[in-house]
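Visitor: Protein chains in written order, with our numbering: chain A, 1133 to 1282; chain B, 1133 to 1282.
From the three backbone atoms N, C-alpha and C, an ideal C-beta is built for every residue, glycine too.
Remember, it's a predicted structure, so these values are computed and weren't measured experimentally.
Input: one structure, supplied below.
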């Protein structure tokens, strides 16, 4: 952690990604909140990934808008992983998440960093700049799902 | 429309709230997208409204963060009201929405303007500034739901 800007970024993420707990009227709301945020994030990220992979025609404005949405949405799910919400709804979260919350939050922070890089790359309008950033995001998704999702 | 800044705001909203259509792999995705965005928006707006109404203790940072989230989320649902998605999932949208899309989009624009004012009010940290802005948002929600939701 040598770079003061990176430290500032991490502090900003830590303070925005961990809102006060007990924000949810009932456990089902917390589950629905994080699932809704993940769905919206994946829809937006999926568009950018589809373009990067040549599965959709590249549209620079749509890629930049979608990546910006995904960057914002990547801040939302984490405060909704309230302890005890591993039952209810159709959640696939493993109870392990609360035994190793630090590891989970490391993934959450990493995702936000990589999504920020993807959004910056998408703003350039250069699809070749987007490709590695898509890969980095996908890698964090997979690592976290492998560890914490049934 | 006398104020150039207001015009700039409206142009910015128009260009961000109407992404290219055909962004969704299937109709159910469009329905889930707008419902997810509405749910997240209402969870965030609901916190601010609860504080403004004295139902929750006032927490200035939480109010500002939640209002900023709601402001961002208020941009997302509209592109997902793709024609023909009045059936499927558990959507309550009336088919009238596509007969009077201009009126619907007026509400969408109005909501984004009022949510922006709420977010600005919440940044002041003064709950008395938040109260009228909450009322204005709630009024747009109700008008649009009365017109276009079963």
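#1: On the DSSP bridge assignment, give the partners of residue 1225 of chain A in chain order.
#2: Does the beta-carbon distance from residue 1220 of chain A to residue 1163 of chain A come in below 8 angstroms?
#3: Reducing DSSP to helix, strand and coil, say where residue 1176 of chain B ends up.
#4: What residues from chain A crowd round residue 1164 of chain B, counting only those whose CB sits closer than 8 angstroms?
#5: Establish whether the CB of residue 1179 of chain A and some CB of chain B are separated by less than 8 angstroms.
#6: Does DSSP classify residue 1247 of chain B as helix, strand or coil?
#7: Output the distance between the C-alpha atoms of residue 1196 of chain B and residue 1175 of chain B, rounded to the nearest integer angstrom.
#8: Does the segment 1202-1214 of chain B come close enough to the segment 1166-1185 of chain B that 3 or more CB-CB pairs lie under 8 angstroms?
#9: Which one of B:1250, B:1155, B:1159 has the shortest CA to CA distance from residue 1202 of chain B?
#10: In whole angstroms, what is the alpha-carbon distance linking residue 1271 of chain B and residue 1274 of chain A?
#11: Where residue 1204 of chain A and residue 1278 of chain B are concerned, what is the direct C-alpha to C-alpha distance, given to the nearest angstrom?
#12: Starting from the Cα of residue 1212 of chain B, find the closest Cα among B:1258, B:1282, B:1157, B:1262 and give me that residue.
Guide: For this structure:
#1: Answer is A:1281, bridged to residue 1225 of chain A.
#2: yes
#3: helix
#4: 1171
#5: yes
#6: In the structure shown, residue 1247 of chain B sits in a helix (DSSP, three-state: H, G or I).
#7: So the alpha carbons of these two residues sit roughly 14 angstroms apart.
#8: Verdict: yes, contact present.
#9: B:1250
#10: 42 angstroms
#11: 30 angstroms
#12: B:1157
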